[in-house]
Amino acid sequence: ALAVLFYIQSDDQRKLVVEREEQLAGVKAKLKAARNTEIRDLVDVIARQNVASDVAIKGADDAMKGQYAKGFANVGLTEAVKGLDGLVKGKVERIAELEARIATQADAITEKDSTIANLKSAHATRVTALQKDLTDARADFTTKLATKDAQLDRAVKEKDVIIQQKDQDKTVLAQDKDTLTREVQARDIRIAFLEKKLADTKKGVHPAVIPLRHADGKIAKVLIDEQIVYIDLGTRDNVKPGLPFAVYAKDQPIPTTGKGKASLEVINVGPNTSECRITKAATEDPIVEGDLVANLVYNTSRTYRFVVEGEFDLYGEGRTDPLGNRRVRSLIERFGGKVVDMVSVDTDFVVLGEEPTRPP
Numbered sequence: 495a496l497a498v499l500f501y502i503q504s505d506d507q508r509k510l511v512v513e514r515e516e517q518l519a520g521v522k523a524k525l526k527a528a529r530n531t532e533i534r535d536l537v538d539v540i541a542r543q544n545v546a547s548d549v550a551i552k553g554a555d556d557a558m559k560g561q562y563a564k565g566f567a568n569v570g571l572t573e574a575v576k577g578l579d580g581l582v583k584g585k586v587e588r589i590a591e592l593e594a595r596i597a598t599q600a601d602a603i604t605e606k607d608s609t610i611a612n613l614k615s616a617h618a619t620r621v622t623a624l625q626k627d628l629t630d631a632r633a634d635f636t637t638k639l640a641t642k643d644a645q646l647d648r649a650v651k652e653k654d655v656i657i658q659q660k661d662q663d664k665t666v667l668a669q670d671k672d673t674l675t676r677e678v679q680a681r682d683i684r685i686a687f688l689e690k691k692l693a694d695t696k697k698g699v700h701p702a703v704i705p706l707r708h709a710d711g712k713i714a715k716v717l718i719d720e721q722i723v724y725i726d727l728g729t730r731d732n733v734k735p736g737l738p739f740a741v742y743a744k745d746q747p748i749p750t751t752g753k754g755k756a757s758l759e760v761i762n763v764g765p766n767t768s769e770c771r772i773t774k775a776a777t778e779d780p781i782v783e784g785d786l787v788a789n790l791v792y793n794t795s796r797t798y799r800f801v802v803e804g805e806f807d808l809y810g811e812g813r814t815d816p817l818g819n820r821r822v823r824s825l826i827e828r829f830g831g832k833v834v835d836m837v838s839v840d841t842d843f844v845v846l847g848e849e850p851t852r853p854p
């Protein structure tokens with residue numbers, strides 16, 4: 495009976511072991527399936543593709559032999575996968591960081607490229623402008639240089655003309671000087687001849703009374719406010735407008751110099767009187783009625799005869815007036831005198847021109 499009991503218990507134990515082994519086999523199968531699924535998922539994540547289980551397992555085994563999986567070779571698959579997944583995530587993050595930095599650097603490079611392009615464009619524009627300015631400056635310089643050369647050439651020619659003209663003027667002046675010298679010599683000879691002839695003519699002739707020692711007329715009326723006077727000479731006395739008179743005090747003799755105290759000029763002529771304006775007067779010795787009037791050229795009873803020789807410096811310029819002789823003759827005739835060409839016994843005055851001061 496004990497043997498039967500032991501056998502029964504042994505059979506039960508055997509059945510229990512078989513049952514437990516079947517349960518373990520099922521668990522192993524489930525674990526293997528789960529592991530294969532995890533490996534395939536891991537391979538999908540790593541390779542980004544779907545592969546068969548055996549390929550996935552081989553890929554997983556090869557991956558476990560890689561450099562980054564050496565640290566997980568002695569741990570379970572789950573831990574190894576987690577570890578590798580962590581590494582992958584780290585690398586992915588690092589890659590993302592590097593890609594972000596690359597993108598940033600690319601943006602910076604793009605910005606710099608744009609800046610460089612702008613600088614190149616600005617530089618090219620500036621170079622073009624400078625080249626244009628240089629070309630314009632060269633053209634302007636060439637034009638101005640040509641203008642200056644032309645001006646210089648013209649100035650040199652003008653200078654040559656001026657020098658030539660001065661040389662010609664010097665020649666003309668030298669010729670004029672020689673001519674003037676000859677004329678002066680001829681005039682001196684002529685004057686000496688006339689003086690000798692006059693002296694010869696006057697020999698034995700009683701000299702006439704000096705005309706200025708006798709008055710020609712008197713002051714008849716004085717309008718001092720109007721600067722007008724009337725003299726007792728008119729058309730019957732051959733008085734003409736423009737004829738000048740010197741005024742002398744009535745109670746004194748006419749000075750030998752002929753200088754009067756006032757000067758008059760005839761402006762209107764009547765039959766017996768003439769209206770004169772005062773051209774010069776002394777306040778300390780005013781003109782009064784009865785004062786005497788006289789003119790060297792004018793004479794109430796006869797016409798004075800004049801001989802005019804030589805040239806005259808009428809304006810004090812230090813040189814003779816080409817028309818001086820003619821003007822002196824005209825004034826004498828205007829004031830009632832007569833100009834004759836030759837000295838004779840009837841000649842009253844000889845007017846000789848003085849030699850002017852030669853310009854330096």
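Convert by adding 494 to the 1-based position in the sequence shown; the result is the number in our numbering.
We treat Cβ as the ideally placed atom computed from N, Cα and C, and that holds for glycine.
Treat the numbers as computed from the prediction; the structure is a model and nothing was measured.
DSSP three-state label for Glu759, please. The answer is strand: DSSP assigns Glu759 an E or B state.
Would Leu624 be called buried (16 or more neighbouring beta carbons within 10 Å of its own) or exposed? So Leu624 counts as exposed.
Using the Cβ count rule (16 or more neighbours within 10 Å means buried), how would you classify Ser768? Here Ser768 is buried: its Cβ has 16 or more other Cβ atoms, across all protein chains shown, within 10 Å.
Name the DSSP beta bridge partners of Gly728, please? None, per the DSSP bridge assignment.
Who are the Cβ neighbours of Pro701 in its own chain at under 8 angstroms, not counting the five residues just before and after it? Because Pro701 carries a pLDDT of 43, less than 50, the predicted location of this residue cannot be relied on, and no value is offered for it.
Sub-8 angstroms separation of Asn789 and Arg730 beta-carbons: With contacts defined by Cβ atoms closer than 8 angstroms, Asn789 and Arg730 do not form a contacting pair.
Between Ala756, Leu717 and Asn762, which has its C-alpha nearest Gly728's C-alpha? The option with the nearest alpha carbon to Gly728 is Asn762.
Suppose you measure from the CA of Val839 to the CA of Pro749; what does that come to, to the nearest Å? Taking the straight line from one Cα to the other gives about 26 angstroms.
Work out the CA separation of Val586 and Gly520 for me, nearest whole Å. Computed Cα separation, rounded: 38 angstroms.
What do you reckon, are the CB atoms on Phe829 and Val791 nearer than 8 angstroms? Result yes, Cβ atoms of Phe829 and Val791 sit closer than 8 angstroms.
Under the assumption that Lys734 contacts Val760 (Cβ atoms under 8 angstroms), give the Cβ distance between them as a whole number of angstroms. A Cβ-Cβ distance of about 7 angstroms is found for the pair Lys734 and Val760, placing them in contact under the 8 angstroms criterion.
6 angstroms CB neighbourhood of Gly818 in its chain, flanking five on each side removed: Annotation for Gly818: Glu805, Phe806 and Leu808 place their beta carbon closer than 6 angstroms to its own, counting only its chain and skipping 5 residues before and after.
Exposed or buried, Asp607, counting other C-beta atoms within 10 Å across all chains shown (16 or more means buried)? With fewer than 16 other Cβ atoms within 10 Å, it is exposed.
Three-state secondary structure assigned by DSSP to Glu848: Here DSSP, grouped into helix, strand and coil, assigns Glu848 to coil.
In chain order, which continuous runs of the alpha helix (DSSP H) of length 4 or greater are located wholly inside the segment 569 to 642? If we require 4 residues or more, the segment 569 to 642 turns out to have no alpha helix (DSSP H) run fully inside it.
Tell me, to the nearest whole angstrom, how far the beta carbon of Val741 is from that of Ile713; I am working on the premise that it is less than 8 angstroms. That belief holds up - the Cβ atoms of Val741 and Ile713 are roughly 7 angstroms apart, short of 8 angstroms.
Glu778: which of Lys755, Tyr798 and Asp785 sits nearest, CA to CA? Looking at the Cα atoms, Lys755 is the closest of the given residues.
Can you name the residues that DSSP bridges to Arg799? Its beta-bridge partners are Lys832.
Mapping the DSSP letters down to three states, classify Arg820 as helix, strand or coil. In the structure shown, Arg820 sits in a helix (DSSP, three-state: H, G or I).
Length of the line joining the Cα atoms of Pro705 and Lys753: Note that Pro705 scores 44 on pLDDT, short of 50, meaning its location in the model is unreliable; the coordinates nonetheless yield the value given after this. Cα to Cα, the separation comes out at about 13 angstroms.
Considering Phe739, what are the terminal residues of the beta strand (DSSP E) in which it resides? Annotation: the continuous beta strand (DSSP E) that includes Phe739 extends over Pro738 to Tyr742.
In the DSSP assignment, the beta strand (DSSP E) including Ser768 goes from what residue to what residue? For Ser768, the enclosing beta strand (DSSP E) begins and ends at Ser768 to Ala775.
Are the CB atoms of Val833 and Val802 within a distance shorter than 8 angstroms? Yes, the pair counts as a contact, with Cβ atoms nearer than the cut-off.
Shortest alpha-carbon distance to Ile772 belongs to which of Pro747, Lys583 and Tyr724? By alpha-carbon distance to Ile772, the top candidate from Pro747, Lys583 and Tyr724 is Tyr724.
Check Leu674 in the structure and name its three-state DSSP category. Three-state DSSP puts Leu674 in a helix.
Give me the Cα-Cα distance between Val512 and Ala527, rounded to the nearest whole angstrom. Cα to Cα, the separation comes out at about 22 angstroms.
Under a Cβ-count criterion, where at least 16 other Cβ atoms within 10 Å of its own Cβ denotes burial, should Thr814 be classed as buried or exposed? Thr814 counts as buried, since at least 16 other C-beta atoms from the protein chains shown sit within 10 angstroms of its C-beta.
6 angstroms CB neighbourhood of Asp842 in its chain, flanking five on each side removed: So the qualifying residues of the chain are Tyr798 and Arg799.
Measuring alpha carbon to alpha carbon, tell me which residue in Glu848, Ala633 and Thr665 is nearest Glu811. Checking every option, the nearest Cα to that of Glu811 belongs to Glu848.
Quick check on Leu758: buried or exposed, where buried means 16 or more other Cβ atoms within 10 Å of its Cβ? The residue is buried, with at least 16 neighbouring Cβ atoms inside 10 Å.
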